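J.: In terms of the working numbering, the sequence shown opens at residue 520 and continues consecutively.
Yeah, the Cβ is synthetic: ideal placement off N, Cα and C, and Gly gets one too.
Predicted model only: the values in this text are computed from it and were never measured.
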Amino acid sequence: MPDTNEKCYRKEFITVFGSPVDENPTVVIMDAAFEALGLDWIYNAFEVYPQDLETAVQSIKALHMKGANCTIPHKVAVMKYLDHISDAASIIGAVNTIYLKDGETYGENSDGKGFTKALEEEQIPITDKNYVLLGAGGAAKAIAVELALAGAGKITVVNRSRERGEDLVELLRAKTPVKADFVLWDHSYELPADTDVLINCTSIGLYPDTSSPDLVYDSLRPNMVVCDVIPNPPQTPFLTKAQNRGCHTLNGCAMLVNQGAINIKLWTGLDASRDIMKAALLKEFQ
520 MPDTNEKCYR KEFITVFGSP VDENPTVVIM DAAFEALGLD WIYNAFEVYP
570 QDLETAVQSI KALHMKGANC TIPHKVAVMK YLDHISDAAS IIGAVNTIYL
620 KDGETYGENS DGKGFTKALE EEQIPITDKN YVLLGAGGAA KAIAVELALA
670 GAGKITVVNR SRERGEDLVE LLRAKTPVKA DFVLWDHSYE LPADTDVLIN
720 CTSIGLYPDT SSPDLVYDSL RPNMVVCDVI PNPPQTPFLT KAQNRGCHTL
770 NGCAMLVNQG AINIKLWTGL DASRDIMKAA LLKEFQ
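Written out as structure tokens, the structure reads:
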């Protein structure tokens with residue numbers, strides 16, 4: 520009979536492809552989650568240049584990896600190298616998570632799902648609410664699509680580039696039932712009085728930047744929810760200004776942790792402890 524106690528020296532391996540990746544904190548929450556689940560898994564970041572992306576994706580199959588994360592600048596380009604793409608990722612036009620199933624690669628986008636999960640955890644309803652998104656990049660697109668699919672009433676995209684902002688609004692109108700509008704961000708933006716949730720989807724305020732988005736901050740009202748996708752620092756000047764005006768605030772750590780938990784579920788089938796992951800992330804940013 521085979522020895523069921525025989526040691527196995529092979530470890531499951533997950534990676535993140537990107538350039539640059541040196542300051543990507545995802546490894547911190549993944550290591551904490553794997554340890555808490557009792558999994559002897561390795562998560563590591565690899566610098567992958569655009570010309571090497573196809574080879575990097577092929578390595579997932581060749582090395583029988585469980586999957587990978589994909590970050591800037593590869594979230595769009597990686598799609599053509601995958602066997603399957605989820606419906607949400609197809610609409611968003613970007614993939615940040617890859618998992619291997621039956622020898623084939625599947626692409627998913629957990630960016631927006633991580634955000635909507637954060638709202639759910641804070642018991643903030645999504646359906647029929649009015650959202651204002653600052654920015655129209657990858658994070659904004661993912662969040663906007665997931666909010667629209669979850670039943671958001673209206674999404675206003677505020678962006679400095681007219682072309683990119685209008686492209687996002689056209690995408691939302693074509694692919695989802697949400698009402699969507701664009702506002703050119705060429706001045707201090709004043710929030711409409713009926714705004715329910717404001718989301719900063721730009722990199723303004725990301726460490727070491729200490730600036731805040733160009734808004735008329737006195738247009739914030741205590742009934743509004745104000746969110747920032749930036750995880751570092753957890754308390755941005757933007758959120759502080761919102762708190763000072765009585766708003767309910769939500770930082771980027773919750774979104775990042777929820778993305779990680781969603782990804783771990785895809786790779787392992789297990790539910791990771793979000794509390795443990797969040798504690799590890801906050802400790803890292805102290």
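Leaving out the 5 sequence neighbours to the left and right, which residues in its chain are closer than 7 Å to residue 520 when beta-carbon positions are compared?
T.: Residue 520 sits at position 1 when you count from the first residue of the sequence shown. Residue confidence is low: residue 520 scores 42 on pLDDT, short of 50, so the model does not pin down where it sits. Its coordinate-derived value is still stated next. Nothing listed; no residue qualifies.
J.: In angstroms with no decimal places, state the Cα-to-Cα distance between residue 720 and residue 654.
T.: Mapped onto the sequence shown, residue 720 falls at position 201. Mapped onto the sequence shown, residue 654 falls at position 135. Each residue's Cα considered, the two are about 5 Å apart.
J.: Three or more beta-carbon pairs under 8 Å between the region 545-560 and the region 786-805, yes or no?
T.: These segments touch.
J.: I'd like to check one pair, residue 617 with residue 589: are the Cβ atoms closer than 8 Å?
T.: One-based indexing of the sequence shown puts residue 589 at position 70. One-based indexing of the sequence shown puts residue 617 at position 98. In this structure, residue 617 lies closer than 8 Å to residue 589 by Cβ.
J.: Take residue 737 and list the residues in its own chain whose beta-carbon comes closer than 8 Å to its own, dropping the five residues that flank it on each side.
T.: As a working note, residue 737 is residue 218 in the sequence shown. Once the five neighbours on either side are set aside, the close Cβ partners of residue 737 are 764.
J.: Looking at the structure shown, is residue 566 part of a helix, part of a strand, or coil, going by DSSP?
T.: In the sequence shown, counting from the first residue as 1, residue 566 sits at position 47. Strand at residue 566.
J.: In chain order, which continuous runs of the alpha helix (DSSP H) of length 4 or greater are located wholly inside the region 604-653?
T.: Listed in chain order, the complete alpha helix (DSSP H) runs (minimum 4 residues) inside the region 604-653 are 606-611, 630-640.
J.: Could you give the first and the last residue of the continuous beta strand (DSSP E) run that contains residue 705?
T.: Here the question's residue 705 lines up with position 186 in the sequence shown. Careful: residue 705 lies outside any beta strand (DSSP E) and carries neither H nor E.
J.: In three-state DSSP terms, what is residue 798?
T.: Against the sequence shown, residue 798 aligns to sequence position 279. Here residue 798 sits in helix by DSSP.
J.: Rounding to the nearest angstrom, what Cα-Cα distance links residue 539 and residue 596 in this structure?
T.: For this step, residue 539 is matched to residue 20 along the sequence shown. For this step, residue 596 is matched to residue 77 along the sequence shown. C-alpha separation (whole angstroms): 16 Å.
J.: Going by beta carbon distance, what residues of the same chain come within less than 6 Å of residue 775, once the five residues before and after it are set aside?
T.: Here residue 775 refers to the residue found at position 256 when the sequence shown is read from its first residue. Here the set comprises 750.
J.: At what residues does the alpha helix (DSSP H) containing residue 553 begin and finish?
T.: Locating residue 553 in the sequence shown gives position 34, where the first residue counts as 1. 545-555 is the extent of the alpha helix (DSSP H) around residue 553.
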